[in-house]
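Residue numbers (my numbering): 1182 to 1960.
Positions of the beta carbon are idealized from the N, C-alpha and C atoms, including for glycine.
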Amino acid sequence: MLLTEFPYPSGNLHIGHWYAFAIPDIYARYLRMNGKNVSYPMGFDAFGLPAENAAIKNNTNPRDWTEKNIAYMTKQLKSMGAVFDWPREVRTIDPEYYKWTQWLFLKFYEKGLAYRAPTLVNWCPRDKTVLANEQVVDGKCERDGEPVIQKEITQWMFRITDYADRLIDDLSGLDWPETTKIAQRNWIGRSEGALIKFPIFNSKSSGGGQKYVEVFTTRADTLFGATYLVIAPEHPMVMKLTDDQHLDGINEYLEEAKRKTEMERAHLDKEKTGVPTGGFVLNSINNEKIPVWVADYVVGWYGTGAVMAVPAHDDRDWEFAKKYNLPVKMVVCPNYPAPMCPVLENAFIEDGHLVDSAEFTGMKSSEAREKITKKLKEKGLADFKKNYKLHDWVLSRQRYWGVPIPMIHCQTCGYQPVSEKDLPVKLPKLDDFKPSDDGRSPLAKAISWLKVKCPQCRREGERETDTMDTFVDSSWYFLRYADPKNKKEFASQDKIFKWLPVPLYIGGAEHNTMHLLYARFYTKALHDLGYVNFNEPFLKRVNRGLILGPDHQKMSKSRGNVIDPDEEVKKYGADTVRMFLAFMGPYEQGGPWDPRGINGVYRFLSRVWSLFNAKSKTQNAKSEAKELEIKLNQTIKKIGEDISELKFNTCVSEMMKLLNELEKQENLSLAVCRSFLLLLSPFAPHLAEELWLNILKNKNSIHLEKWPEFDETIIAEEKINLIVQINGKMKDVITARRGLSKEEAKQLALASEKIKKHLTEMPPKDFIYVQDKLINFVG
RNA sequence: GCCCGGGUGGUGGAAUGGUAUACACGAAGGACUUAAAAUCCUUUGCCCGCAAGGGCUUGCGAGUUCGAGUCUCGCCUCGGGCACCA
């Protein structure tokens, strides 16, 4: 299976779709010509917000809008001349598909991988829905740029954090771009450190409740330098630690913090602010009493929402301590042993050797981290701990156009899963599908759909009205490609085994930390549930580049630099558009669309056409001149290698070079004509077929033919250019046969007039010979 | 701030440590044409020179090597990702 990310049915193919699908098609065709059983499937990721917004605007409904687009885009896709495996087409909006999206959700629910809990979510006020962390960019809604606000709502979630370690560790075995792996590692953000408890010194309500404030740190080695503690404004123990004297200040600060959006809080250049609580905790490692502050530079949801502040060894704590005149105590020294540590002008945040740290003094940071944590662990005051930036995946959406979450809420039994035999829970038709201001999903308005018996107690219940994030739909679609018509299972074991995991997945880098992470999570979960026999869905991943406008800017309607593929096809034909996209540059890089550059490819194909139509020339020769034969064999070899490495641009230039040679010939043999068309056929399938049938008079399609073979021994007959250098500077080039001995090469070089001249002026001491490459006289 | 990528003619780009600038675009000149388009031919990295020829050049500066666009180090610069994550 050659997999490319299935498109969203936006209504129109843009040039990026051509790049995404027509170029991998070259590879699919190449594999097929090499005898592989290739499936290059296509489908539509068809649920999602734009359909609703467009339907509202056009006064239609999302399903009609979406299906119309799919029909139109299918027609456009067919114009590419790609070998799409249409019988396997998958559409996420088909009940036969989303039945299994729901079924998989239920399986996850059974295993506790899907759960409902209150959580702080990103809320987009314009779209009136929750967004995943991954869908928030710079504190704004990825879709419409509306600033996102934080809200606590009870939501359905996937326990992706259970898989955090495996999602990081298994990356090492994948043939993926290093940049994608790094992006995922950063996103998951594992850090290894310690949880440390700080006993509360003067608890207001002694007895009962928490006795400790717990912090997470990766720098236990700096514990002796902790001079205060900071907790986030949303920390549950804020009030408990606050004494009467500081109550007003704290209340004021909390009000302020609540008002701020996440973006305002996160802004780096902003000066840090905080207030003391009046409370104190004990640093058990040195029995010092240190004050507790509240400050919003501490992130509430990460770790324990509290940190030990070590101003001497952390930039943020340093800044805060300087502002509020808190003590700075240096406990890690860069140079050791040394008579004295340098006076700090900034926080020293690197590892070093400990000073002023009791029995740990002199230890390296790495050793001290472990020893200090261990010592406190013995007293029950610390433990080793890994922490992650990754959140659980919030999948509920308060929108209409998505897969209904198959759960029923009952006053008595709580949430109950819909029984499997009642799947799919079909999305009801709604006239008014607009989101409501109260944050409830539009499905709440479908009264007759809503009311349903509780599967447990048979009393009156209500369906869950939230729908699923569309990333749920796309987290398993490649599995369905293996067995798209199956009515009994999401896909049969046999078919899964036959087609998966995906050997090569081509797509856009924008999915690095979203779709690719989710699909990996799904695969791992399904593996653990026993439904698939592999741990990773995509063995190799290639990120395609971006096609830019002629002005080197990202294409956009507002810039007016959009290239419409339909128009280009009308002007030049599909083969030219395909081949030009292949020729533009390395596939991973993309590049600007040059409206004049496409002429080059158009001319090339026209010249191919003319050459084959010049009856006097083609198919007349019995055999080829040796040089042409060598060139042909080289080209076959090179293009095969380059397609395998997805280096399509150099393939095109090789064909151009070969054509330049063919045009110089008086006559061409049938064999050469055949080979040339075969090489061309994955790139320009229409033209190659036409010439194959009409000019070469073949009965069967060229696309059923085998990839041409090359003969290594013919390639070896090629004469080489022996470069003659003097002190590394090229002075002459001599044509010679392959495999000259060192002495033969020397004699040949010395025979050259130019070289003689140079060497009499300065006789060489020695020379270096690289066979079939060069000879370098060193003076 | 941290982590990744890039930087080669007028442009897109090519080059297992071994002829840098392949292939193409554009441009200039010429052929065909009443003319234009299309097509075909020639030239086309920069500098000196009438020429033969010579010198310089892969962001900048060092280094390793017989030999560096390619490897190493430092710097400049553009693009991307993460970003108060303790």
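**Given Lys1217 as reference, the closest of Trp1499, Glu1551 and Met1182 once Cα atoms are compared** = Met1182
**Prompt:** Taking just the CA atoms, how far does Ser1617 sit from Asp1308?
**Reply:** If you take the alpha carbons of Asp1308 and Ser1617, they lie about 10 angstroms apart.
**Request:** Tell whether a beta-carbon distance below 8 angstroms holds between His1867 and Gly1262.
**Result:** yes
**Message:** I'd like the list of long-range same chain contacts for Pro1222, defined as Cβ closer than 6 angstroms, with 5 residues on each side in sequence excluded.
**Reply:** Asp1266, Arg1269 and Tyr1662
**Prompt:** Looking only at its own chain, which residues have a Cβ that is under 7 angstroms from the Cβ of Leu1285, when we skip the five neighbours before and after it?
**Reply:** Trp1657 and Phe1671
**Three-pair Cβ contact test at 8 angstroms for the stretch 1674-1694 versus the stretch 1735-1744** = They do not touch, by the three-pair rule.
**Item:** Residue nearest to Val1789 in terms of C-alpha spacing, selected from Glu1844, Tyr1434, Pro1457 and Ile1744
**Value:** Comparing Cα-Cα distances from Val1789 to each of Glu1844, Tyr1434, Pro1457 and Ile1744, the minimum goes to Glu1844.
**Buried or exposed by the 16-neighbour rule on C-beta atoms within 10 Å, applied to Cys1305** = buried
**Request:** Give the straight-line distance between the Cα atoms of Gln1283 and Val1606, rounded to the nearest whole angstrom.
**Result:** Gln1283 and Val1606 have their C-alpha atoms some 8 angstroms from each other.
**Prompt:** If we count the other Cβ atoms within 10 Å of its Cβ and call it buried at 16 or more, is Trp1482 buried or exposed?
**Reply:** Answer is exposed; the Cβ neighbour count stays below 16.
**Prompt:** Does the Cβ of Met1765 have 16 or more other Cβ atoms within 10 Å, making it buried, or fewer, making it exposed?
**Reply:** buried
**Prompt:** For the candidate residues Ile1466, Lys1288 and Thr1241, whose alpha-carbon lies nearest to that of Glu1559?
**Reply:** Ile1466
**Request:** Find the nearest neighbour of His1884 within the set Ile1811, Leu1859, Val1599 and Gly1455, judged by alpha-carbon distance.
**Result:** Residue Leu1859 holds the alpha-carbon nearest to the alpha-carbon of His1884 among Ile1811, Leu1859, Val1599 and Gly1455.
**Request:** Kindly indicate which residue of Glu1551, Val1311, Asp1613 and Val1683 has the alpha-carbon position closest to the one of Lys1238.
**Result:** Asp1613
**Asked** Tell me which same chain residues have a C-beta within less than 7 angstroms of the C-beta of Trp1873, skipping the five on either side of it?
**Response** Leu1858, Asn1879 and Ile1883
**Asked** How far does the beta strand (DSSP E) with Leu1624 in it reach, from first residue to last?
**Response** Taken as a continuous stretch (DSSP letters only), Leu1624 belongs to no beta strand (DSSP E), as it is neither H nor E.
**Request:** Could you have a look at Val1329 and say whether DSSP puts it in helix, strand or coil?
**Result:** In this structure, DSSP gives Val1329 a state outside helix and strand, which the three-state scheme calls coil.
**Prompt:** Where do the N-terminal and C-terminal ends of the alpha helix (DSSP H) with Glu1893 fall, by residue?
**Reply:** Glu1893 to Ala1897
**Message:** On the DSSP letters alone, give me the boundaries of the alpha helix (DSSP H) that Ile1237 sits inside.
**Reply:** Leu1230 to Asn1239
**Item:** Range of the contiguous beta strand (DSSP E) that encloses Met1489
**Value:** Ala1487 to Ala1490
**Item:** Of the residues Leu1786, Thr1894 and Glu1924, the one placed nearest Ala1865, counting alpha carbons only
**Value:** Leu1786
**Contact check, Ala1313 vs Trp1574, beta carbons under 8 angstroms** = yes
**Request:** Determine the burial state of Gln1674: buried for a count of at least 16 other Cβ atoms within 10 Å of its Cβ, exposed for fewer.
**Result:** exposed
**Request:** Can you grab the Cα-Cα spacing for the pair Val1853 / Arg1701, in whole Å?
**Result:** 47 angstroms
**Message:** Suppose the cutoff is 7 angstroms on Cβ atoms and the five residues either side in sequence are ignored; what does the same chain contact list for Pro1682 look like?
**Reply:** Phe1715, Glu1717, Pro1718, Phe1719 and Leu1720
**Prompt:** Can you list, in chain order, the stretches of the beta strand (DSSP E) that have 3 or more residues and sit fully within the stretch 1928-1960?
**Reply:** 1947-1951 and 1955-1959
**Request:** Quick one: residues in its chain with C-beta nearer than 7 angstroms to the C-beta of Leu1762, no 5 flanking neighbours on either side, listed in chain order?
**Result:** Trp1199, Tyr1200, Ala1203 and Ile1204
**CA-to-CA distance, Val1743 to Leu1212, given in whole angstroms** = 33 angstroms
**Request:** Consult DSSP for Trp1267 and reduce its assignment to one of helix, strand or coil.
**Result:** Taken through DSSP and simplified to helix, strand or coil, Trp1267 comes out as helix.
**Request:** Go through the stretch 1783-1867 residue by residue and report every complete run of the alpha helix (DSSP H) that reaches 4 residues or more, in order.
**Result:** 1807-1825, 1829-1845 and 1851-1861
**Asked** How is Glu1886 classed by DSSP in three states: helix, strand or coil?
**Response** coil
**Asked** Helix, strand or coil: how does DSSP classify Val1419 here?
**Response** Look at Val1419 here: in three-state DSSP terms it is helix.
**Asked** What residue does the beta strand (DSSP E) around Trp1474 start on, and which one ends it?
**Response** First-last of the beta strand (DSSP E) with Trp1474: Glu1469 to Ala1476.
**Request:** Could you name the residues that DSSP lists as bridge partners for Gln1336?
**Result:** Ala1298
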